[in-house]
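>
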Amino acid sequence: MSTEITYTRQGDYYLPDLKLPEQDEREIGIWGQRRRRYLKEHHKILYYNLLTSCRLYDHLADINEEAEAMFTKLVSQLSEQECVTERLKAENQMLWVQRMNSIRNRVNEIVFNEIIYQ
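According to our numbering, the sequence shown holds residues 93 to 210 in order.
1) Which residue marks the beginning of the beta strand (DSSP E) containing Tyr99, and which one marks its end?
2) Using a Cβ-based criterion (distance less than 8 Å to any ligand heavy atom), does Ser145 qualify as near the ligand NAP?
3) If you follow the alpha helix (DSSP H) that Tyr130 is in, where does it begin and where does it stop?
4) Distance, Cα to Cα, Arg129 vs Leu180?
5) Under a three-way DSSP split, which group does Leu107 fall into?
Below, the structure is given as structure tokens:
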């Protein structure tokens, strides 16, 4: 890593030529966006520490992956426990939609409390 700093003249001032390190192109989905909003509103110091150390993007991508995996797993487990199957979907679509919405809402709350708000 080079410690040599170069400068560019802007009017009467010399400004350092700073570059951010390269980062992976990972997706920040809805869970990562919710985590970012939570940190920005409620944990400003942690948010700005992650931002200035160039770790915010990786943190949000990790949270997104973890939350998505947890969400998918819990929806699958709860739908299996409560017998919300494809057979129910074929027989009574409205009941299936009601139960799946109930399961998804409960799982959303679990993911928020376990991952996003931690």
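The beta carbon of each residue, even a glycine, is placed where N, CA and C say it ideally should be.
Straight from the coordinates:
1) Residue 99 sits at position 7 when you count from the first residue of the sequence shown. Tyr99 -> beta strand (DSSP E) spans 99-102.
2) The model on display carries no ligand, and the ligand NAP is accordingly not part of it.
3) Here residue 130 corresponds to residue number 38 of the sequence shown, with the count starting at 1. Per DSSP, Tyr130 belongs to the alpha helix (DSSP H) from 122-134.
4) Your numbering for residue 129 matches position 37 in the sequence shown. Your numbering for residue 180 matches position 88 in the sequence shown. When rounded, the distance between both Cα atoms is 38 Å.
5) As a position in the sequence shown, residue 107 is number 15, starting the count at 1. DSSP places Leu107 in strand when its eight states are reduced to three.
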